[in-house]
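Be aware that the sequence shown starts at -12, since it is given in the working numbering, and climbs by one per residue.
Built from N, CA and C at the ideal position, the CB exists for glycine as well.
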Amino acid sequence: KLCEEILHILEKDTKTSCQVTCLEALRILSRDKKVLVPVTTKKNMQVLMRLAKLDTMEDSLERVSEYPVIVEALKCLCNIIFNSAVAQKLSLELNLAAMLCNLLKKCKDQQFVDDIKCFDLRLLFLLSLLHTDIRSQLRQELQGVQVLTQALESSLSVRWTAEYKAAEDHDRPPLSLQETDCAIEALKALFNVTLDSWNVHSENESHQFRYMAAILRHCLLTSGPTEDKTEELH
């Protein structure tokens, strides 16, 4: 009942601070599978997708004040999809993976979006882990390998000296915690999407995998903010 009331409030055009508080409460409640049964509907999923800016065709994320709402809505979707088979099926019907790829592209070259990018990637990882049809959709229709590889490249701040050779900077400082977390989520999603890629059939696929291999090599030479994070990254 409480989840339903929270979602009812979120349907309205309320203040940002109210939206964030409601989403934080929903995120905590959504860890309980029993609570999710009455609220996992198409309508409620669409409310959260709207708050996460997944249903908009705007070219960029312009209002920094809305970023906390986007992050909390993505966190809620992560919990709901992880804990609900119904939500996993609805995510395919609602074309959630395509919207997440689109949001990821909007994060490119923008400031203060690391948290948005990280939870977008985590949601793509969960979808590709839990739903084989979405894994296929990402690979075949949504250029998922390219989108995820570019997200990994951005997180690692790769600089190129040749087509498939990344610059080696031994004096470079370690990645920040946010950069490391984004890279880890991108790697996990990439693993799922490329899991069945034993046969590379086209020249474009060949290029994509050589490009990815160069970034993965660079990743192994990169340090995180702590020894544990570096180990997790590698």
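Extent of the continuous beta strand (DSSP E) run through A149 = 147 to 149
Reducing DSSP to helix, strand and coil, say where A39 ends up.
-> coil
Beta-carbon separation (whole angstroms), L91 vs M36, contact threshold 8 Å | Actually they do not touch by this definition, with Cβ atoms about 15 Å apart.
Proximity below 8 Å, CB of L111 to CB of I202 = no
Compare the Cα-Cα distances from M86 to each of R50, D158, D101, E128 and report the closest residue.
-> E128
Beta carbon of K62, beta carbon of F106: below 8 Å?
-> yes
Best match in R14, V134, V34, Y198 for proximity to A149 [C-alpha to C-alpha] | Y198
Can you name, in chain order, every residue of its own chain whose Cβ lies under 7 Å from the Cβ of F99, other than the five neighbours on each side?
-> V51, Y54
Verify the contact flag: L116, CB atom, against every heavy atom of the ligand SAM, threshold strictly below 7 Å.
-> Absence of the ligand SAM is noted for the structure shown, with no ligands found whatsoever.
Look up A200 in the DSSP assignment and say whether it is helix, strand or coil.
-> helix
Give the DSSP-derived three-state secondary structure of A153 in the structure shown.
-> strand
Could you name the residues of the same chain whose beta carbon sits closer than 7 Å to that of A60, not counting the 5 residues immediately before and after it, in chain order?
-> L10, L35, L38, A39
Could you pull out every residue in the same chain whose Cβ sits closer than 7 Å to the Cβ of L64, ignoring the five residues on either side in sequence?
-> L35, A39, L110
Residues near S210 by beta carbon distance below 6 Å, same chain, minus five either side = P161, T217
What do you get for T222, buried or exposed, if any count of 16 or more other CB atoms within 10 angstroms of its CB means buried?
-> What is shown of the chain runs -12 to 221, which leaves residue 222 out entirely.
Might you give, ordered along the chain, the residues of its own chain that have their beta carbon closer than 8 Å to the beta carbon of N31, omitting 5 neighbours on each side?
-> L(-6)
Count the other CB atoms, across all protein chains shown, that sit within 10 Å of the CB of T222; report buried if there are 16 or more and exposed otherwise.
-> Given a span of -12 to 221 for the chain in the structure shown, any question on residue 222 remains unanswerable.
Measure the CB-CB distance between F69 and L113 and report whether it falls below 8 Å.
-> yes
Return the chain-ordered list of same chain residues with a C-beta closer than 7 Å to the C-beta of L79, the five sequence neighbours on each side being excluded.
-> H118, D120, I121
Among Q130, V22, R204, which one has its Cα closest to the Cα of N191?
-> Q130
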